[in-house]
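Okay, structure first, notes after.
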Amino acid sequence: MTKSRNLFLVPYLAWMVLFVVAPIVLIAYYSLFDVDGRFTFDNYTKFLSPVYLQMTLNSFWYALLITVFSLLVAYPTAYFLTRTKHKSLWLLLIIVPSWINLLLKAYAFIGIFGTYGFANKVLELAGIGTKQILFTDFSFVFVSVYIFIPFMILPVYNALDELNPSLIYASRDLGASPWLTFRKVVFPLTLEGVKAGCQAVFIPALSLFMITRLIAGNRVITLGTAIEQHFLVTQDWGMGSAIAVVLIIAMAVIMILTGSGKRGALHGSQ
Amino acid sequence: MKQLVNLFVSVLVLSAVLLFATYRLNASEGYSGGNTLTIFNWGDYIDPDLIAEFEEQTGITVIYQTFDSNEAMMTKIEQGGTTFDISVPSDYAISKMKEDRLLLPIDHAKLPNLKHIDPRFMNLSFDPDNAYSIPYFWGTVGVVYNRELVGDHEFTSWNELWDPALHNDILLVDGAREVMGMGLNSLGYSLNDKNEEHLQEAKRKLNELTPNVKAIVGDEIKMLLANEEAAAGVVWSGDAAEMMWENENLDYVVPEEGSNVWFDNMVIPTTAKNIEGAHEFINFMLDPEIAARNTEYVGYSTPNAAALALLPEDISGDERFYPAPELTDKLEVYDNLGKRMLSHYNELFLEFKMHRK
Amino acid sequence: MGRNNLWSKLYLACVFLVLYSPIAYLVFYSFNSGGTMHGFEGVTLDWYKEVFQDTRLLIIVLNTLVIALLSAAISTIFGIAGALAIHRIRRYRRKNALLSLNNVLIVSPDVIIGASFLILFTIAGIQLGFTSVLLSHIAFSVPIVVLMILPKLQEMSPTLIDAARDLGANNWNVLSKVVIPFIKPGIFAGFFMALTYSLDDFAVTFFVTGNGYTTLSVEIYSRARQGISLSINALSTLIFLVTIVLVVGYYFINRRNGGKRARLGVPTQ
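Going line by line, the protein sequences match chains A, B and C.
My numbering applies: residue 1 is where the first sequence begins, and numbers increase by one.
My numbering applies: residue 1001 is where the second sequence begins, and numbers increase by one.
My numbering applies: residue 2001 is where the third sequence begins, and numbers increase by one.
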């Protein structure tokens, strides 16, 4: 056992040292210099100003919203998918749209959500009348969920697919209602998949950018947007790196809090 | 296990086939040969036919690579590892690249066509005597508005944007210099102002604009305004020309308080390998007939006087895009403010974006 | 059950409708003779002709595909090793530390990854181009593969391995006959997610590419300033159609083969 563990660790650790640890060291190093290349902790004190704290709060709030809605949409989708005839084909077809360039899809959404777009035509026909959809919180969360949904569906689907159907039958035979069966049997057994999905959505959602401009019209400013600005516009790599360091620490804290199981607990059922 | 192995083998085989196809295509285009010129330009910022003509004339094969912002381009050139022979940065980026010693001097003796450039576009503050850069296109920043949607406004003043009647009906371009510049200009200050009080005043004034601002967007602003998503927008003249071509209700104006005039110039970065070829290319692009065709394709304003004369009257006579010299005199080029000041401009712009109604 | 079934079909239909609506929009306007993505004027095939005449664009498409396929395959292998390695670590703290490090690349915005990779590559003296782009795509795809495989490993009961060992299986046999088949769905999920990451990436590729080597995303983004031509829509439509054909074809071929093996008594899993 010990021998084989070392073997698996070799390629993985090599990757980690080269492409994770080295960049982190670089970022941490850069975060300690100001625009003029002087050594300073100013970047971190600046992060504590109301503007950046507000932005951090925004980022977490929107990432949370996006994760919750992704899960709400993805779980039933994954559940129904496992019961279709050609289930793995349908699953692949869920992923295929994400292979079309994001900028193009965003442009399409601008067209669909625009004042004279398809969505508003439907609203008008329904008698509701034209509404501003583009550049609102709604469109931002909607498109973000659209982007992240495959990352949530996949792990949940995999967890559901492995579920032994006899467990469900047993629970039904014992007189449990479908809801009770879901709560007490199905959901706990798919918890690992849900966790993996939430991590794969929440973590990148924290640093969303681009969509914040294209779909939210810069009405939503996240930490990702700020980093983007500092690296590409201000060329203040120090401040950009400092925000990145904070993000990485935040992510580590989330990982520890949602840590995959307690010591020794290997199954979701325990 | 077998299924997995199958998948990996088919991926490898497919990649090998595709790699071979790429290799053949590259070879047929001559990209793998020795005599090449690498151009680093904005996407779709040149008539592709002209590249083919240049290749035919000189026997040089052009490799065309694109960027989407001055800053990203500068980072790439600064880090090295590339062999760009030509790039097309904007004015403030040129002065910054000069400062960072990323540019090679241009030998005017090798550019007989340089005489066609209008003298008022030569010898500008960001590059005295054009030692490092040759004009490619130029333009202004102003207001695009939809005649059908804005009522009586003609936006001869920036302050008209603050009219409460335009509630939630204005789009701004996502640029700190452009938006802060507009705030400063509307108060009668220079858009290169470094006075802290003036800057704070401009930011407070911009905050008051928030209720009118529908969104702060990037290149998609063209699509949005042409689509009548908003009544007015603050944009670059090149974008304005494209929108007006699509939507006849749109008009463009540069407010009288003053605004920005910008230039995209051709430069030879220090990464260049084919300096001779780079000069040949610049001279080729300066040829009046070539420049005229390029202008018709790209749609921006050309600084080439001889080329302008070749263009039809409805382009060359359009005062909105080729304003008379007395008007352009009121316009300012962005100074290189230095990293610290630029950073401050961006902080203020960020605060404005975070400001909620 | 019948009514339930109907509702579930309806729900799935809605999900697919939303997922494919922007693509339908892009496809629709790829036939627009008006030249923009609004105001449909008339049907034309000019944009498709333009795609086939543009050799540079075709080379870019091929580059993109090669990078996506190779990086997805290689990062899947690294990801499997990574997931197995993390899974075998018993110490809770150490495991979490590794997992956090694993996720750094997912949480870091692309620009930062791109910029720091660029610095790394120039320090290492690697010529920017195919190699640097491939290496970075592998690098940023590994963590998502690990994330997709780990839950499967956690579901696996240790008794399964013990049973295999009791039957005399060595390490390699346990791995190839028991563990890998069990985590296969996770591996596939990881592979396809890696493919998605690679095809979508713009910022990282932009920074680490050079010498004329470009992928489709970089090209599309840099065209935004001048307005994206509908030939890009046409190209995306073609890519989309080919993908659908490949996916459906792959599925049915696989199923047929799988079916045969099953009949012969060879387990497909």
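C-beta: ideal position from N, C-alpha, C; glycine also.
_Proximal residues to SER1133(B) (C-beta, below 6 Å), its chain only, five neighbours per side dropped_ = ILE1094, ASP1127, ASN1265 and VAL1267
*Who are the neighbours of GLY2212(C) on chain B, taking C-beta pairs under 7 Å?*
TYR1031, THR1038, ILE1063 and GLN1065
*Helix, strand or coil for PRO50(A), going by three-state DSSP, please let me know.*
helix
*Name the chain B residues that come within less than 8 Å of TYR107(A), Cβ to Cβ?*
GLU1220 and MET1223
*Mapping DSSP to helix, strand and coil, what is PRO1135(B)?*
strand
*Measuring only between beta-carbons, confirm whether ARG183(A) sits less than 8 Å from chain C.*
no
_Amino acids of chain B, ordered along the chain, whose beta-carbon sits closer than 8 Å to that of ASP36(A)_ = LYS1339 and ARG1340
_Can you give me the C-alpha to C-alpha distance between MET1122(B) and PHE1263(B), rounded to a whole angstrom?_
11 Å
*Determine whether the Cβ of PRO165(A) lies closer than 8 Å to any Cβ atom of chain C.*
no
_Neighbour list for ILE221(A) in chain B, Cβ cutoff strictly below 8 Å_ = LEU1350, LYS1353 and MET1354
_Residue interval of the beta strand (DSSP E) (run including THR1066(B))_ = 1061-1067
_Beta-carbon spacing of PRO1255(B), VAL1143(B) below 8 Å_ = yes
_If I follow the unbroken beta strand (DSSP E) through TYR1252(B), where does it start and stop?_
1250-1253
*At what residues does the alpha helix (DSSP H) containing THR2159(C) begin and finish?*
2158-2166
*asked:* Let me make sure I understand the geometry here. Which of THR2159(C), SER2157(C) and PRO2151(C) has the alpha-carbon closest to that of LEU160(A)?
replied: PRO2151(C)
_On a Cα-Cα basis, can you pick out the residue from ALA106(A), ILE95(A), TRP90(A) and ALA78(A) that is closest to PHE209(A)?_
ALA106(A)
*In angstroms with no decimal places, state the Cα-to-Cα distance between ALA1176(B) and PRO1135(B).*
24 Å
*Might you give, ordered along the chain, the residues of its own chain that have their beta carbon closer than 7 Å to the beta carbon of ASN2103(C), omitting 5 neighbours on each side?*
PRO2143
_Could you pull the DSSP bridge partners for PRO1269(B) from this structure?_
LEU1103(B)
*May I have the straight-line CA-CA distance separating LEU2070(C) from SER2141(C), to the nearest angstrom?*
11 Å
*asked:* I'd like to confirm the pairing. Which residues does DSSP put opposite LEU1004(B) in its beta bridges?
replied: Answer is none; LEU1004(B) lacks a bridge partner.
*Spell out whether any CB of chain A is found under 8 Å from the CB atom of GLU2155(C).*
yes
*On a CA-only basis, which of ASN1006(B), ASP1129(B), VAL1298(B) and PRO1112(B) is nearest PRO1119(B)? Give me that one, please.*
ASP1129(B)
*Measuring only between beta-carbons, confirm whether VAL2066(C) sits less than 8 Å from chain B.*
yes
*Please go through the same chain and pick out, in chain order, the residues whose beta-carbon is closer than 6 Å to the beta-carbon of LEU2118(C), but skip the five residues on each side of it.*
PHE2207 and VAL2208
*Three-state secondary structure assigned by DSSP to THR2036(C)*: coil
*Do ALA1231(B) and ASP1169(B) have their C-beta atoms closer together than 8 Å?*
yes
*Thinking ILE243(A) and ALA226(A) are a contact (beta carbons under 8 Å), I'd like their distance in whole angstroms, please.*
6 Å
*Run through DSSP, which three-state label would THR2055(C) get?*
helix
*What did DSSP end up calling TYR75(A) once you bin it into helix, strand or coil?*
helix
*My guess is that ALA1272(B) and PHE1084(B) are in contact by the Cβ rule of under 8 Å, so how many angstroms apart are they, rounded?*
7 Å
*If we call anything under 8 Å between Cβ atoms a contact, is VAL20(A) one with ALA74(A)?*
no
*Apart from the five residues on each side of it in sequence, which residues of its chain come closer than 6 Å, Cβ to Cβ, to ALA1306(B)?*
HIS1116 and PRO1288
_Using a Cβ-Cβ cutoff of less than 7 Å, which residues in the same chain neighbour THR1038(B) once the five nearest sequence positions on both sides are dropped?_
ILE1063, GLN1065, THR1083, PHE1084 and ASP1085
_Below 9 Å on C-beta distance, what does LEU2118(C) contact in chain B?_
THR1075, LYS1076, GLN1079 and GLY1081
*Just mark PRO178(A) as buried or exposed, buried being the case when its beta carbon has 16 or more other beta carbons within 10 Å.*
exposed
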